[in-house]
Amino acid sequence: MDQQRDRSSAPGQESVWDYPRPPRLEECDDLVQVVFNGVTIAESRRTRRVLETSHPPVYYIPPEDIRMEYLQPSDRHTFCEFKGRANYYTLTVNGRSAPDCAWYYPDPAPGYEELAGYVAFYPRKMDACYVNGEKVQAQPGDFYGGWITSRIIGPFKGGAGTAGW
Numbered sequence: 001m002d003q004q005r006d007r008s009s010a011p012g013q014e015s016v017w018d019y020p021r022p023p024r025l026e027e028c029d030d031l032v033q034v035v036f037n038g039v040t041i042a043e044s045r046r047t048r049r050v051l052e053t054s055h056p057p058v059y060y061i062p063p064e065d066i067r068m069e070y071l072q073p074s075d076r077h078t079f080c081e082f083k084g085r086a087n088y089y090t091l092t093v094n095g096r097s098a099p100d101c102a103w104y105y106p107d108p109a110p111g112y113e114e115l116a117g118y119v120a121f122y123p124r125k126m127d128a129c130y131v132n133g134e135k136v137q138a139q140p141g142d143f144y145g146g147w148i149t150s151r152i153i154g155p156f157k158g159g160a161g162t163a164g165w
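Below, the structure written as structure tokens:
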């Protein structure tokens, strides 16, 4: 498996195998956009990125930069061993819905307090997500919400055969 984890990256690229565990939280001023059903739901240069070994970054967007009127709380909750309990939103725009497509931590665990209230979107459930104008690819699998751009190199956890990584 280590042969698959090529850590060599070109200038300006990041290998997910150089990210830490437990995850690191960092401020980010990249332009992040989320589009669903023809509407830009979020647009921000004030995000937080979570960087974790084997995962593409997850972008958390401040609620002030999101069209929150389109989000309704859902009944879904999950637990992250590092960040704590996550609550979810369903997005509905002009009659089209994406259930449980976004999540947030109302009361994050110590070390992740800056995430409180910030919202992350699953790129695979959106029509498009962008980082600095580049369309994002979704992290493989049904659970993880990483955003893959040309700047990020893997392989990435989430696809078939990666559960033990």
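For the sequence shown, full-length UniProt numbering gives the first residue as 1, with consecutive numbering after it. Glycine is no exception: its CB is placed at the ideal position from the N, C-alpha and C atoms. Bear in mind that the values here come from a model prediction, so they are computed numbers and not experimental data.
Spatial distance of A116 from A10 (CA atoms): Within the sequence shown, residue 116 is the residue found at index 116, counting from 1. Within the sequence shown, residue 10 is the residue found at index 10, counting from 1. Distance between the alpha carbons of A116 and A10 is about 34 angstroms.
For G84 and D107, believed in contact at Cβ under 8 angstroms, the rounded distance: As a working mapping, residue 107 is identified with position 107 in the sequence shown. As a working mapping, residue 84 is identified with position 84 in the sequence shown. That belief holds up - the Cβ atoms of D107 and G84 are roughly 7 angstroms apart, short of 8 angstroms.
Nearest candidate by alpha-carbon position, reference R154, set P57, A42 and P110: Within the sequence shown, the letter at position 154 stands for residue 154. Checking the sequence shown, residue 154 turns out to be Gly, not Arg. If we check each option's Cα against that of G154, P57 comes out closest.
Which residues DSSP lists as bridging R49, in chain order: Locating residue 49 in the sequence shown gives position 49, counting from the first residue. DSSP output for R49 lists E26 and Y59 as bridge partner(s).
Exposure of Q72, with buried meaning 16 or more beta-carbon neighbours within 10 Å: For the purposes of this step, residue 72 is taken as the residue at position 72 of the sequence shown. Per the 10 Å Cβ criterion, exposed.
CA-to-CA distance, A109 to R45, given in whole angstroms: Within the sequence shown, residue 45 is the residue found at index 45, counting from 1. Within the sequence shown, residue 109 is the residue found at index 109, counting from 1. For R45 and A109, the distance between alpha carbons rounds to 24 angstroms.
Cα-Cα separation between T92 and W17, rounded to whole angstroms: Sequence index remark: in the sequence shown, residue 92 carries index 92 (1-based). Sequence index remark: in the sequence shown, residue 17 carries index 17 (1-based). Distance between T92 and W17, taken at the CA atoms: about 36 angstroms.
Bridge-paired residues (DSSP) for Q13: Stepping through the sequence shown from its first residue, residue 13 is reached at position 13. Answer is none; Q13 lacks a bridge partner.
Proximity test, W17 beta-carbon vs the ligand PLP heavy atom, cut-off 7 angstroms: Summarising the ligand content, the structure contains no ligands, and the ligand PLP is consequently not present.
First through last residue of the beta strand (DSSP E) which encompasses R85: For the purposes of this step, residue 85 is taken as the residue at position 85 of the sequence shown. Its beta strand (DSSP E) spans residues G84 to V93.
Beta-carbon contacts of E27 that lie in its chain and below 7 angstroms, excluding the five residues immediately before and after: Start at 1 with the first residue of the sequence shown, and residue 27 comes out as number 27. Here E27 has R48 as same chain residues with Cβ atoms under 7 angstroms from its own Cβ, once five neighbours each way along the sequence are excluded.
Beta-carbon separation (whole angstroms), Q139 vs F121, contact threshold 8 angstroms: Here residue 139 refers to the residue found at position 139 of the sequence shown. Here residue 121 refers to the residue found at position 121 of the sequence shown. Not really, about 12 angstroms apart at Cβ, beyond 8 angstroms.
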